[in-house]
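To start, the structure itself, in structure tokens.
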Amino acid sequence: MQLAGAMAALASLPETHLIAQSPFYASRPVGPQDQPDFVNGAAALETRLSAEALLDRLQSIEQDHARERLEHWGPRTLDLDLLLFGDQCIRTDRLTVPHAELPNRDFVLQPLLDIDRDLTLPDGTAIRNLRDRCPDNHLRRLASPGTPD
5 MQLAGAMAAL ASLPETHLIA QSPFYASRPV GPQDQPDFVN GAAALETRLS AEALLDRLQS
65 IEQDHARERL EHWGPRTLDL DLLLFGDQCI RTDRLTVPHA ELPNRDFVLQ PLLDIDRDLT
125 LPDGTAIRNL RDRCPDNHLR RLASPGTPD
């Protein structure tokens, strides 16, 4: 499974430690619905890399897994997003942290809560509160990578 390989790649990044990872979840795709369900998860990293350097590494991992960016929200082999970076708010041409769509995506919020039930955005907004208000995307927790409960 692509996510298991991605987690292993994250764990081997220089100056970076994989602190925790969430279970994986299947959800309806974002964008065109004529594609397979997405499988999502989250990882907590401790790193000395800058946010931009970490983004470069994430994109390199995507490329190693044959990621092609052919269609916005289209099918993909792997999509790694930098959702949060400590308590920093970052706005550059390449990177927005916290991720702009984070509050609207239960398939992101739930894995984050699995890692840290008390996690907040840099402005103090509780991820738990965002999840409670988020539209349901019919998440299905996977018992193990690729296997439904």
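Just add 4 to the spot in the sequence shown (first one is 1) and you have my numbering. Beta carbons: idealized from backbone N, C-alpha and C, even for Gly.
Cα-Cα, which of Leu-82, Phe-42, Ala-15, Phe-111 is closest to Glu-66? Glu-66 has its Cα closest to that of Leu-82, out of Leu-82, Phe-42, Ala-15, Phe-111.
Going straight from the alpha carbon of Leu-58 to that of Asp-140, what length do you get? Pairing Leu-58 with Asp-140, the inter-Cα distance amounts to about 30 Å.
First through last residue of the beta strand (DSSP E) which encompasses Gln-25: Secondary structure note for Gln-25: its beta strand (DSSP E) is the uninterrupted segment 20–25.
Where Ser-183 sits in the DSSP three-state scheme: Nothing can be reported for residue 183: it is not among the residues displayed for the chain, which extend from 5 to 153.
C-beta atoms of Leu-14 and Val-43 nearer than 8 Å: For Leu-14 and Val-43, no; Cβs fall outside 8 Å.
Is the beta carbon of Arg-144 closer than 8 Å to that of Tyr-29? Yes; because the gap between Cβ atoms is below 8 Å, this pair is in contact.
What do you get for Arg-109, buried or exposed, if any count of 16 or more other CB atoms within 10 angstroms of its CB means buried? Flag for Arg-109 reads buried.
Straight-line CA distance for Ala-130 to His-69? Looking at the backbone, the Cα of Ala-130 and that of His-69 are separated by about 33 Å.
Suppose the cutoff is 7 Å on Cβ atoms and the five residues either side in sequence are ignored; what does the same chain contact list for Ile-119 look like? These residues qualify, in order along the chain: Ala-24, Ser-26, Ala-46, Ala-48.
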